[in-house]
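Engineer:
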Amino acid sequence: MQHAPTVKEIVVPIEYAGKWIAWNADQTKIVSSGATIQEARNKAFQEGEKTPWLDKVPHRSIRFGGSAFHA
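Each residue of the sequence shown is one higher than the last, beginning at 1 in UniProt numbering.
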């Protein structure tokens, strides 16, 4: 019987609630954040990340949600 690969769950720290965050290309580390998608993206580029993944972190009152975009 085959098992699905184990996926490591990454918990986003509460200080990012309501913000846009940029992940590294491997989606294992948050490299920047901002109030807008453009701000998070630009900061990620300034940090040297060439292909950031962008997520909108839900506000504290929302328990599930969000979206992702690849720049």
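Heads up, the beta-carbon is just placed ideally off N, CA and C, and yes, glycines get one too.
Remember, predicted model here, so these are calculated numbers, not experimental data.
Whole angstroms is fine: what's the gap from Ser33's alpha carbon to His3's?
Structural biologist: For the purposes of this step, residue 33 is taken as residue 33 along the sequence shown, with counting starting at 1. For the purposes of this step, residue 3 is taken as residue 3 along the sequence shown, with counting starting at 1. The straight-line gap from Cα to Cα measures roughly 35 Å.
Engineer: Just to confirm, are Leu54 and Ala40 a CB contact at a threshold of 7 Å?
Structural biologist: Counted from its first residue, the sequence shown places residue 54 at position 54. Counted from its first residue, the sequence shown places residue 40 at position 40. In contact: Leu54 and Ala40 (Cβ atoms closer than 7 Å).
Engineer: Could you give the DSSP three-state label for Ala44: helix, strand or coil?
Structural biologist: For this step, residue 44 is matched to residue 44 along the sequence shown. DSSP places Ala44 in helix when its eight states are reduced to three.
Engineer: Label Ile30 either buried or exposed according to how many other C-beta atoms from any shown protein chain fall within 10 Å of its C-beta, with 16 as the threshold for buried.
Structural biologist: For the purposes of this step, residue 30 is taken as residue 30 along the sequence shown, with counting starting at 1. Flag for Ile30 reads buried.
Engineer: So the candidates are Ile14, Ile10, Glu9; which of them puts its Cα closest to the Cα of His59?
Structural biologist: The residue you call residue 59 lines up with position 59 of the sequence shown. Ranking Ile14, Ile10, Glu9 by Cα distance to His59 puts Ile14 first.
Engineer: Within 10 Å of its beta-carbon, does Ile21 have 16 or more other beta-carbons around it, so buried, or fewer, so exposed?
Structural biologist: Residue mapping note: residue 21 aligns to position 21 of the sequence shown, counting from 1. The residue is buried, with at least 16 neighbouring Cβ atoms inside 10 Å.
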